[in-house]
Amino acid sequence: MLSSTPIRPGSRPRTLAAAALLGLLAVFFLPAGPADASAPLRQHAAARGKFIGTALATGPLSNETQYRNIAATEFNQITAENAMKWDATEPNQGQFNFSGADTIVNFATQNNQQVHGHTLVWHNQTPGWVQGLGATAMRSAMQNHISQVVGRYADNAAVVSWDVVNEVFEENGNLRSSFWYNTLGQSYIADAFRYARAADPDARLCINDYNVEGINAKSTAMYNLVRSLREQNVPVDCVGFQSHLAIQYGFPSDLRQNLERFAALGVQVRITEVDIRMQMPRSSSKDTTQANYYRDVIQACLAVNACAGVTIWGFTDRHSWVPDTFSGEGAALIYDENYQQKPSYTAVHNALDGGTPSDTTPPTTPGTPVASNVTGSSATLTWSASTDSGGSGLAGYNVYREQGTTDPQLGQSSTNSINLTGLSADTQYQVYVRARDGAGNLSSPSSAVTFTTTGGGGPSGPCTATGTVQTQWGNGYVIQPVTVTNSGSSAINGWTVTFTLPAGHSVTGSWNATLTTSGQTVTAKSMGYNGNLGPSASTSFGFQVSRPNGNTQTVSGYTCASP
1 MLSSTPIRPG
11 SRPRTLAAAA
21 LLGLLAVFFL
31 PAGPADASAP
41 LRQHAAARGK
51 FIGTALATGP
61 LSNETQYRNI
71 AATEFNQITA
81 ENAMKWDATE
91 PNQGQFNFSG
101 ADTIVNFATQ
111 NNQQVHGHTL
121 VWHNQTPGWV
131 QGLGATAMRS
141 AMQNHISQVV
151 GRYADNAAVV
161 SWDVVNEVFE
171 ENGNLRSSFW
181 YNTLGQSYIA
191 DAFRYARAAD
201 PDARLCINDY
211 NVEGINAKST
221 AMYNLVRSLR
231 EQNVPVDCVG
241 FQSHLAIQYG
251 FPSDLRQNLE
261 RFAALGVQVR
271 ITEVDIRMQM
281 PRSSSKDTTQ
291 ANYYRDVIQA
301 CLAVNACAGV
311 TIWGFTDRHS
321 WVPDTFSGEG
331 AALIYDENYQ
341 QKPSYTAVHN
351 ALDGGTPSDT
361 TPPTTPGTPV
371 ASNVTGSSAT
381 LTWSASTDSG
391 GSGLAGYNVY
401 REQGTTDPQL
411 GQSSTNSINL
421 TGLSADTQYQ
431 VYVRARDGAG
441 NLSSPSSAVT
451 FTTTGGGGPS
461 GPCTATGTVQ
471 TQWGNGYVIQ
481 PVTVTNSGSS
491 AINGWTVTFT
501 LPAGHSVTGS
511 WNATLTTSGQ
521 TVTAKSMGYN
531 GNLGPSASTS
541 FGFQVSRPNG
551 NTQTVSGYTC
561 ASP
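One point on numbering: in UniProt numbering, the residue at position 206 of the sequence shown is 206, and numbering is uninterrupted.
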């Protein structure tokens, strides 16, 4: 029976540096003494000999500081949400693109995290060129794809496991009638595992599916397949239970029993993609039920020695697949769309910590923040530290912008200072701080500091740009028109407008201009039909923006240049 720790015992060090990282990762996942009550999730999980993971998307990983910080701080295992799938890594036959996958692996390496590769052979997100191949060519393409993708990371100590085949069963337990099965028959499953083992002898190889959390026809078919494959010496090392749950359908009460029966086959088991959706809108009672579900998932894994850990499919409702897939449902993750911890976060924390904190005493109020190094998009704040006497310890600080309604959180810090980024140019901010302890208690708000960011500092030239808010709602707005005017004395051939998005805002659509986003800065370029403007002539474009619910900010800092 394979060890339940994510790093396989006896796996070969791939380089001296890799060996060092393997040793460091092993420290994270071997059972340790009790974690401090205020510690992040990953420290509590490591103390229990488990991982706590999340799926990451490359877009927000590149563009959102809070996303990166939480991903790095709270989790010791990550899965690429899409960047390692076939359509991302080999969109055209023999032409590989590892930019997104490398981004995930590099992030994990920098933050002492392990990577679970997802996924090699799946009926979805596989390019059409694969699906149209004959049997011989398809088997060859599968072998080459697995060899190239797994082989690329075979010497990387951070990449320790793979979903080799994904979702091979129908709900009734029959093998899915996918193009893989229809062209190659059932043998493609065993072949995929053998190809993966040849590409990386040390990686842990998994089969993964959904709606197999409880004991039912589908999970029993999975059980029988895994047993049969292992009897044939096919290298199936672990089984993944996706666990996309919903509070309106009930919790699979036999989850633990199901994990145990698979573990008895000699495989590692793991919860691979848990999220727990609800019918919108949210309510406190729904949040409580969801938190209980998350707690029960964690506790089921903790109770089974062969369960390596739990991966949450994302962590913030800002970036969740659920609303786009299940109409009228959402709020499935442990942070809300404003990166605020939900009751579900506390439930996961407490389950990993082994109990419910008894500390109900909040920390003392922080001192009034002082602003310095103010630019067009950033500012540094410092304040006098708080103290905590409740027993769970001071965990850090939340920083908020005062807006009179729901105050958005601008960031979190573990110390009594923070560098705020992604601010809007030429904008006044009133900011205050609240301390938090390990039990989740928040102090009273500090007094607020007021500061104004400097001008946009973008390109300038013989044109001007002025934007008008046409309409807005709780979590979005439309800017129409943005009027671009030639303010010079000669004609211009093309124009470029830049503006700044407030933190947490993102462009969701545009017209009459080509928009690109880098961080919080948006660049709008003229189209072929509206770039030529004579003196004093004008044209316009528009765009739509999403924002955190309750946030009332809009874009600012328009500048114009030609071209």
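Backbone N, C-alpha and C fix where the C-beta goes; we use that ideal spot for every residue, glycine too.
Would you kindly report the start and end of the unbroken beta strand (DSSP E) that includes Thr364? Translated into the one-based positions of the sequence shown, residue 364 becomes position 364. In this chain, Thr364 is not harboured by any beta strand (DSSP E), its DSSP state being neither H nor E.
Measuring alpha carbon to alpha carbon, tell me which residue in Gln430, Ser140, Thr380 and Tyr558 is nearest Cys463. Here residue 463 corresponds to residue number 463 of the sequence shown, with the count starting at 1. Here the closest residue by C-alpha is Tyr558.
Ordered along the chain, which non-local residues of its own chain (more than five positions away) have a Cβ less than 7 Å from that of Leu41? Here residue 41 is taken as the residue at index 41 of the sequence shown, counted from 1. Exclusion of the five residues before and after Leu41 leaves Ile52, Glu74, Phe75, Val348, His349 and Leu352 as the residues of its chain whose Cβ lies within less than 7 Å of its Cβ.
Judging by CA-CA distance, which residue of Gln95, Phe96, Gly132 and Trp162 is the nearest neighbour of Leu120? One-based indexing of the sequence shown puts residue 120 at position 120. Of the candidates Gln95, Phe96, Gly132 and Trp162, the one whose C-alpha sits nearest the C-alpha of Leu120 is Trp162.
Beta strand (DSSP E) runs contained entirely in the UniProt domain "CBM2" (456 to 563), provided each spans 3 or more residues: Counting only runs of 3 or more, we get 463 to 473, 476 to 486, 496 to 500, 506 to 511, 514 to 518, 521 to 525, 538 to 546 and 556 to 561.
Candidates Ser444, Asn106 and Gln148, of which the one nearest Glu158 by Cα: Within the sequence shown, residue 158 is the residue found at index 158, counting from 1. The question names Glu, but residue 158 is Ala in the sequence shown. Among Ser444, Asn106 and Gln148, the Cα nearest to that of Ala158 is on Asn106.
I need the boundaries of the beta strand (DSSP E) containing His116, first residue and last residue. On the sequence shown, residue 116 is found 116 positions in, with the first residue counted as 1. Element bounds for His116: Gln114 to Gly117.
Is any beta-carbon of chain C found at less than 9 Å from that of Tyr210? Of the protein chains in the structure, only one exists, and it is not chain C.
Exposed or buried, which one is residue 587 when buried takes at least 16 other CB atoms within 10 Å? With the chain represented from 1 up to 563, any question about residue 587 goes unanswered, as that position is not in the structure.
Out of Ser243, Gln125, Gly376 and Val370, which has the shortest C-alpha to C-alpha gap to Asn92? Working through the sequence shown from its first residue, we reach residue 92 at position 92. Here the closest residue by C-alpha is Gln125.
With distances taken Cα to Cα, identify the nearest neighbour of Asp275 among Pro502, Leu394, Thr54 and Pro563. The count along the sequence shown starts at 1 and reaches residue 275 at position 275. With respect to the C-alpha of Asp275, the residue from Pro502, Leu394, Thr54 and Pro563 having the closest C-alpha is Thr54.
Can you tell me where the beta strand (DSSP E) with Asp437 in it begins and where it stops? The residue labelled residue 437 in the question sits at position 437 within the sequence shown. First-last of the beta strand (DSSP E) with Asp437: Gln428 to Asp437.
What's the gap between the Cα of His366 and the Cα of Val168? For the purposes of this step, residue 366 is identified with residue 366 of the sequence shown, where counting begins at 1. For the purposes of this step, residue 168 is identified with residue 168 of the sequence shown, where counting begins at 1. For the record, residue 366 in the displayed sequence is Pro; it is not His. Between the C-alpha atoms of Pro366 and Val168 there is a straight-line separation of about 54 Å.
Count the C-beta pairs between the segment 183 to 192 and the segment 139 to 148 that are closer than 8 Å, then say yes if the count reaches three, no if not. Contact holds: three or more Cβ-Cβ distances are below 8 Å.
Classify Asn551: buried if its beta carbon has 16 or more other beta carbons within 10 angstroms, exposed otherwise. The sequence position of residue 551 within the sequence shown is 551, counting from 1. With 16 or more neighbouring CB atoms inside 10 Å of its own CB, Asn551 falls in the buried class.
Mark Gly49 as exposed unless 16 or more other C-beta atoms lie within 10 angstroms of its C-beta, in which case mark it buried. Working through the sequence shown from its first residue, we reach residue 49 at position 49. With 16 or more other Cβ atoms within 10 Å, it is buried.
Chain-order list of residues whose beta-carbon lies under 6 Å from that of Gly23 (same chain, five-residue window excluded): What you label residue 23 is simply residue 23 of the sequence shown in a count that begins at 1. With a pLDDT of 40 at Gly23, under the threshold of 50, the modelled position of that residue is not reliable, and no figure is offered here.
What do you get for Tyr529, buried or exposed, if any count of 16 or more other CB atoms within 10 angstroms of its CB means buried? As a first step, residue 529 must be located in the sequence shown, where it is residue number 529. Residue environment for Tyr529: exposed (fewer than 16 other C-beta atoms within 10 angstroms of its C-beta).
Does the segment 410 to 428 touch the segment 466 to 477, meaning 3 or more C-beta pairs lie closer than 8 Å? Contact between the segment 466 to 477 and the segment 410 to 428 is absent, because fewer than three Cβ pairs lie under 8 Å.
Residue environment, Ala537, which counts as buried when at least 16 other CB atoms sit within 10 Å: Against the sequence shown, residue 537 aligns to sequence position 537. Label assigned to Ala537: exposed.
Assign Ala47 to one of three DSSP states: helix, strand, or coil. As a first step, residue 47 is located in the sequence shown; it is residue number 47 there, counting from the start. Looking at Ala47 - three-state DSSP - the assignment turns out to be helix.
On the DSSP bridge list, what partners appear for Glu329? Reading the sequence shown from its first residue, position 329 is the one you call residue 329. Glu329 is bridged to Gln279.
Work out the CA separation of Gln341 and Arg282 for me, nearest whole Å. For the purposes of this step, residue 282 is identified with residue 282 of the sequence shown, where counting begins at 1. For the purposes of this step, residue 341 is identified with residue 341 of the sequence shown, where counting begins at 1. Answer to the nearest angstrom: the Cα atoms are 14 Å apart.
Rounded straight-line distance, which links the Cα of Ser38 to that of Leu255: Within the sequence shown, residue 255 is the residue found at index 255, counting from 1. Within the sequence shown, residue 38 is the residue found at index 38, counting from 1. C-alpha separation (whole angstroms): 29 Å.
Please list, in chain order, all residues of the same chain as Gly173 whose beta carbon is under 7 Å from its beta carbon, the five residues on each side excluded. As a working note, residue 173 is residue 173 in the sequence shown. Closer than 7 Å at Cβ, skipping near neighbours: Ala217, Lys218, Thr220 and Ala221.
Leaving out five residues on either side along the sequence, give the residues of the same chain with a beta carbon under 7 Å from the beta carbon of Ile298. On the sequence shown, position 298 is the one that residue 298 refers to. Taking C-beta separations shorter than 7 Å and ignoring five residues to either side along the sequence, the partners of Ile298 in its chain run Val310, Val348, Ala351 and Leu352, following chain order.
Return the Cβ separation of Asp87 and Pro127 in integer angstroms, given the expectation that the two are a contact with Cβ distance under 8 Å. In the sequence shown, the residue the question calls residue 87 occupies position 87. In the sequence shown, the residue the question calls residue 127 occupies position 127. Correct: roughly 5 Å between the Cβ atoms.
Look at Gly519 and Asn63 and say whether their C-beta atoms are less than 9 Å apart. Within the sequence shown, residue 519 is the residue found at index 519, counting from 1. Within the sequence shown, residue 63 is the residue found at index 63, counting from 1. Yes.
Give the DSSP-derived three-state secondary structure of Gly250 in the structure shown. By one-based count along the sequence shown, residue 250 stands at place 250. Assigned with DSSP and collapsed to three states, Gly250 falls in coil, not helix or strand.
Close Cβ partners of Gln143 (< 6 Å) along its chain, the five nearest in sequence each way excluded: Walking along the sequence shown from the start, residue 143 turns up at place 143. Once the five neighbours on either side are set aside, the close Cβ partners of Gln143 are Tyr195.
Cβ-based neighbour list, Thr289, same chain, cut-off 8 Å, excluding 5 preceding and 5 following: Residue 289 sits at position 289 when you count from the first residue of the sequence shown. Ile247 and Met278.
In the structure shown, what three-state DSSP assignment does Val269 receive? Translated into positions along the sequence shown, residue 269 becomes position 269. Looking at Val269 - three-state DSSP - the assignment turns out to be strand.
Who pairs with Leu229 in a beta bridge, going by DSSP? For the purposes of this step, residue 229 is identified with residue 229 of the sequence shown, where counting begins at 1. Leu229 pairs with nothing; no bridge assigned.
When the Cα atoms are used, what is the spatial distance from Gly376 to Pro445? Within the sequence shown, the letter at position 376 stands for residue 376. Within the sequence shown, the letter at position 445 stands for residue 445. Distance between the alpha carbons of Gly376 and Pro445: 26 Å.
Per DSSP, which one or two residues make a beta bridge with Tyr335? Numbered from its first residue, the sequence shown carries residue 335 at position 335. Thr316 and Gln341.
Please name the residue, chosen from Ala332, Ala264, Tyr294 and Ser285, that lies closest to Phe251 on a Cα-to-Cα basis. As a first step, residue 251 must be located in the sequence shown, where it is residue number 251. That would be Tyr294, whose Cα lies nearest to the Cα of Phe251.
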